[in-house]
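What follows is one structure encoded as structure tokens, with my remarks underneath.
Numbering (the numbering used here), first residue to last: 78 to 404.
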């Protein structure tokens with residue numbers, strides 16, 4: 078594996094005797110000198126020297142692992158590592174092992190996921206050139222393994238809302254044209270946590286990439302999915318937001334009045350919620366329905382109620398009511 082080779086200082090290694098480390102330049106009168114941990118300055122000094130020499134050798138590749146170990150967010154180190162891997166024609170399966178650690182231990186590190194994205198694309202390109210008639214099968218297997226790896230990272234870290242990880246997943250789906258297989262995965266996540274807003278956002282992205290413009294059949298399916306989720310958990314804002322993605326004004330939306338069962342659901346939720354308090358999202362949806370029906374008095378009354386129950390957005394609801402011309 079192209080990782081850290083040993084613990085000895087670089088200045089004590091025979092294979093680095095020909096390299097003079099380049100110190101960091103902080104200027105003649107630095108305001109605040111950073112106290113780096115042991116070995117940090119030496120590793121980066123040798124890294125600067127390697128860059129100046131434009132060296133992409135095996136030792137340079139190994140050095141980038143040490144730099145990343147000291148600072149895994151160092152963009153230049155990851156970039157230089159990619160240069161070395163490419164020019165050395167290195168074993169990229171070994172590189173997957175190297176990145177496994179970082180994507181698991183530092184899942185919010187953008188550089189790791191960007192490197193992983195390049196890595197999987199590069200492996201796929203090599204398979205396309207080498208595998209002949211079996212290339213597509215090998216590439217699809219690679220992509221599906223990467224999707225499983227993303228899930229593993231989320232599970233290990235108990236973090237299902239990592240933007241960088243989700244961006245990587247969507248890149249894989251787009252690059253390898255796997256959108257059509259993704260809905261069962263989303264439904265699995267939502268069955269485990271119906272309030273997982275990242276999974277709801279991902280579902281919308283999947284639906285858009287599977288079929289756009291939306292057919293009436295798909296739109297009705299998604300509206301029903303949101304309504305079923307609301308029935309299961311009425312105060313789940315994610316489901317209400319998802320519902321509004323298909324109703325109202327906008328591209329591939331239909332008016333709030335186009336699906337009468339939505340109004341029935343809103344009234345049911347409002348009635349049940351009234352026994353214990355209120356459901357802000359149901360009131361908001363009902364106000365939108367009344368606006369679409371032209372019943373400005375009913376809509377204004379709901380916006381007035383929202384001013385009271387949703388104090389943090391009170392001025393917004395007052396503004397919405399003012400647009401009706403009924404205040």
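Idealized CB from N, CA, C, for every residue including glycine.
Please go through the same chain and pick out, in chain order, the residues whose beta-carbon is closer than 8 Å to the beta-carbon of residue i, but skip the five residues on each side of it.
i, result
"residue 401", "368, 373, 376, 377 and 380"
"residue 97", "126"
"residue 267", "273, 276, 277, 280 and 306"
"residue 308", "342"
"residue 88", "98 and 119"
Might you give, ordered along the chain, the residues of its own chain that have their beta carbon closer than 7 Å to the beta carbon of residue i, omitting 5 neighbours on each side?
i, result
"residue 65", "With the chain represented from 78 up to 404, any question about residue 65 goes unanswered, as that position is not in the structure."
"residue 281", "319 and 322"
"residue 198", "252"
"residue 404", "Note that residue 404 scores a pLDDT of 42, beneath 50, so its modelled location is shaky; the value from the coordinates is reported in the next line. Here the set comprises 377 and 398."
"residue 78", "Since pLDDT at residue 78 reaches only 43, below the 50 mark, its modelled position is unreliable, and the value read off the structure follows with that caveat. If we look at residue 78 and ignore the five residues flanking it on each side, its Cβ neighbours are 171, 174 and 175."
"residue 122", "98, 99 and 100"
"residue 209", "none"
"residue 151", "144 and 145"
"residue 226", "none"
"residue 291", "329"
"residue 261", "none"
Please name the residue, chosen from the options, that lies closest to residue i on a Cα-to-Cα basis.
i, options, result
"residue 248", "286, 213 and 265", "286"
"residue 297", "177, 267, 329 and 144", "329"
"residue 233", "181, 200, 208 and 284", "181"
"residue 315", "324, 344 and 271", "271"
"residue 337", "361, 370 and 313", "370"
"residue 289", "184, 221 and 256", "256"
"residue 158", "193, 183 and 184", "193"
"residue 224", "254, 213, 211 and 235", "254"
Check whether the Cβ atoms of residue i and residue j sit closer than 8 Å, and answer yes or no.
i, j, result
"residue 119", "residue 101", "no"
"residue 241", "residue 231", "no"
"residue 264", "residue 250", "no"
"residue 245", "residue 155", "no"
"residue 201", "residue 228", "no"
"residue 311", "residue 350", "yes"
"residue 133", "residue 165", "yes"
"residue 162", "residue 135", "no"
"residue 149", "residue 186", "yes"
"residue 284", "residue 295", "yes"
"residue 324", "residue 333", "yes"
"residue 206", "residue 215", "no"
"residue 184", "residue 103", "no"
Residues in its own chain within less than 6 Å of residue i by CB, not counting five upstream and five downstream?
i, result
"residue 147", "117 and 120"
"residue 340", "366"
"residue 346", "311, 356 and 359"
"residue 391", "384"
Original post:
Quick one: complete beta strand (DSSP E) runs, 3+ long, within the stretch 116-203?
Top reply: Within the stretch 116-203, no complete beta strand (DSSP E) run reaches 3 residues.
**OP:** Determine contact between the stretch 105-115 and the stretch 124-144, defined as no fewer than three beta-carbon pairs at a distance below 8 Å.
**Re:** Contact between the stretch 105-115 and the stretch 124-144 is not established, with fewer than three Cβ pairs separated by less than 8 Å.
**OP:** Take every Cβ of the stretch 350-358, pair it with every Cβ of the stretch 380-391, and state whether three or more of those distances are shorter than 8 Å.
**Re:** Contact between the stretch 350-358 and the stretch 380-391 is established, with three or more Cβ pairs separated by less than 8 Å.
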